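Peer 1: Pasting in a structure now, in structure tokens, and then I'll have a few things to ask.
Protein chains: 2
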Amino acid sequence: MEMIDLPPKMRLTTQRQVILEELASVTSHPTANEVYDMVRRRLPRIGLGTVYRNLELMAESGLILKLEVGGTQKRFDATTDLHYHIRCTACGKVDDIKLPVQQEINKMAASATDYQILSHHVEFSGVCGSCGSAAEPSSIN
Amino acid sequence: MEMIDLPPKMRLTTQRQVILEELASVTSHPTANEVYDMVRRRLPRIGLGTVYRNLELMAESGLILKLEVGGTQKRFDATTDLHYHIRCTACGKVDDIKLPVQQEINKMAASATDYQILSHHVEFSGVCGSCGSAAEPSSIN
DNA sequence: GCAGTAAGTAATAAACTTTCTCATTATTAT
DNA sequence: ATAATAATGAGAAAGTTTATTACTTACTGC
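Structure (structure tokens):
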């Protein structure tokens, strides 16, 4: 039994504010460690556990998105409206991809499984611009 | 016994055979640790590192699939033809979903990004049958 | 068969990501 | 300002995956 209840008395601490601001300041999808590095420039004494705890809390309350995309680390996204992602197989970078969300795919899925469908996510794999130009300048012949 | 297409110099050891057989014997998508447990019933002295190393090698050679779906652990799949997955948000179980792969989505993506698209994967989130019936008996009341 | 060599294994250590514990600090309501 | 308590920081701990190492096994050409 899982209910989405945001913590009753969630306090607005400096740490939370800065974490959210830093996450919102980038269009990339940083890992917890990367957020930690960004935040530490402004709050040098913050603990890594605090970053993890708050990213998790914010994700639970829907304030941010926790992306469980490929790779070993989870990534976080301050843009909470539904969108798909693409990950570079060479450098691991994750970008948004501006593709309309295919809502009808959920209905198709519902009739193909006994699961109760909640959502779906599409993750593309590809080679990003900088990695592609570095690796294969002769591929368009 | 099926013919296994091994990369040159890759030997078909007992460990590899058993790992592959055990993985192929289930329709679930076990984690490395679960494969380890299954294999250990037949080869009690096998090491966890051996399981990891060989799952990784087999995934690289295309013999099996390594799934980087949600959750903290990677999962492995002996079925290598393209298909989508669905993960239970309650118990973390991952199942195949029999939904035709949307090839055209790659073309749409190609025109929406400067990445060179290689592939895509769709992962659904939902509640599986057993979790659903266990969690919400109040819906029948 | 047998030496020589390459590949694989088991065990262990190590790296890395994430979660947990707890004494202390900071925030909120009074 | 004070009390109540949520949150923090520091470190330990847990969990997953990779790397190292010494030993074993299998393949090669003789």
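Quick note, the sequences are listed as chains A and B, same order.
Under the numbering used here, the first residue of the first sequence carries the number 34, and numbering increases by one thereafter.
Under the numbering used here, the first residue of the second sequence carries the number 34, and numbering increases by one thereafter.
For glycine and all other residues, C-beta sits at the position ideal for the given N, C-alpha and C.
Since the structure is predicted, the reported quantities are computational estimates derived from the model, not experimental observations.
(1) Can you check whether the C-beta of A/T64 is within less than 8 angstroms of a C-beta belonging to chain B?
(2) Please give the ranges of any beta strand (DSSP E) in the region 80-130 of chain B, keeping only runs that are unbroken, at least 3 residues long and fully inside the region.
(3) Tell me the start and end of each unbroken alpha helix (DSSP H) in the region 41-69 of chain B that is at least 4 residues and wholly inside, in chain order.
(4) Mind checking whether A/L151 and B/T122 have CB atoms under 8 angstroms apart?
(5) Using 10 angstroms around the beta-carbon of B/I173, count the other beta-carbons present and answer buried if the total reaches 16, otherwise exposed.
(6) Judging by CA-CA distance, which residue of B/P133, B/K126 and B/S166 is the nearest neighbour of B/H116?
(7) Step through the CB atoms of chain B and report whether any lies within less than 8 angstroms of the CB of A/A145.
(8) Hey, is A/T122's beta-carbon within less than 8 angstroms of any beta-carbon in chain B?
(9) Does the structure place the region 72-79 of chain B close enough to the region 137-152 of chain B that three or more beta carbon pairs sit under 8 angstroms?
(10) Ordered along the chain, which non-local residues of its own chain (more than five positions away) have a Cβ less than 7 angstroms from that of B/E55?
(11) If the cut is a Cβ gap below 8 angstroms, which residues of chain B does A/I52 touch?
(12) May I ask you to report which of helix, strand or coil DSSP gives B/S158?
(13) Which class does B/S144 belong to by DSSP, given the choice of helix, strand or coil?
(14) Starting from the Cα of B/Q135, find the closest Cα among B/A143, B/P63, B/D147 and B/H153 and give me that residue.
(15) Could you please give me the residues that DSSP links to B/I150 through a beta bridge?
(16) Do B/T113 and B/G95 have their C-beta atoms within less than 8 angstroms of each other?
(17) Does the region 154-167 of chain A come close enough to the region 57-67 of chain B to have 3 or more Cβ pairs within less than 8 angstroms?
(18) Please name the residue, chosen from A/G103, A/A143 and A/S144, that lies closest to A/C124 on a Cα-to-Cα basis.
(19) Considering Cα atoms alone, identify which of A/D129, A/K99, A/T146 and A/I119 is closest to B/R120.
(20) Note down the Cα distance separating A/T83 from A/L100, rounded to an integer number of angstroms.
(21) Taking DSSP as the reference, what is the three-state secondary structure of B/R78?
(22) To be precise: take each residue of the region 121-141 of chain A, compare its Cβ to all Cβ atoms of chain B, and keep it if any distance is under 8 angstroms. Which residues remain?
(23) Run through chain A and tell me which residues come within less than 7 angstroms of B/I150, C-beta to C-beta.
Peer 2: In terms of the structure at hand:
(1) Not a single CB atom of chain B sits nearer than 8 angstroms to the CB of A/T64.
(2) Segments of the beta strand (DSSP E) lying fully in the region 80-130 of chain B: 98-100, 108-110, 117-121 and 127-130.
(3) Correct list: 47-57.
(4) In contact: A/L151 and B/T122 (Cβ atoms closer than 8 angstroms).
(5) At B/I173 the pLDDT is 35, less than 50, meaning the model places this residue with poor confidence and gives no usable figure here.
(6) The candidate whose alpha carbon is nearest that of B/H116 is B/P133.
(7) At a cut-off of 8 angstroms, the C-beta of A/A145 has a neighbouring C-beta in chain B.
(8) A/T122 counts as touching chain B.
(9) Contact between the region 137-152 of chain B and the region 72-79 of chain B is not established, with fewer than three Cβ pairs separated by less than 8 angstroms.
(10) Closer than 7 angstroms at Cβ, skipping near neighbours: V68, M71 and V72.
(11) Neighbours of A/I52 in chain B, taken as residues at a C-beta separation under 8 angstroms, are lacking, since the least C-beta distance is about 21 angstroms.
(12) Residue state, collapsed to three classes: strand.
(13) In this structure, B/S144 counts as coil in the three-state DSSP scheme.
(14) Cα-wise, what sits closest to B/Q135 is B/H153.
(15) Looking at the DSSP assignment, B/I150 forms a beta bridge with A/G159.
(16) Taking 8 angstroms as the Cβ cut-off, B/T113 and B/G95 qualify as a contacting pair.
(17) Between the region 154-167 of chain A and the region 57-67 of chain B, the count of C-beta pairs closer than 8 angstroms stays below three; the two stretches do not touch.
(18) The candidate whose alpha carbon is nearest that of A/C124 is A/G103.
(19) Looking only at A/D129, A/K99, A/T146 and A/I119, the smallest Cα-Cα distance to B/R120 is reached by A/T146.
(20) Pairing A/T83 with A/L100, the inter-Cα distance amounts to about 19 angstroms.
(21) Per DSSP, reduced to three states, the secondary structure at B/R78 is coil, with no helix or strand assignment.
(22) So the close ones are C121, T122, D128, I130, K131, L132, Q135, I138, N139 and M141.
(23) Against chain A, a Cβ distance below 7 angstroms from B/I150 picks out F157 and G159.
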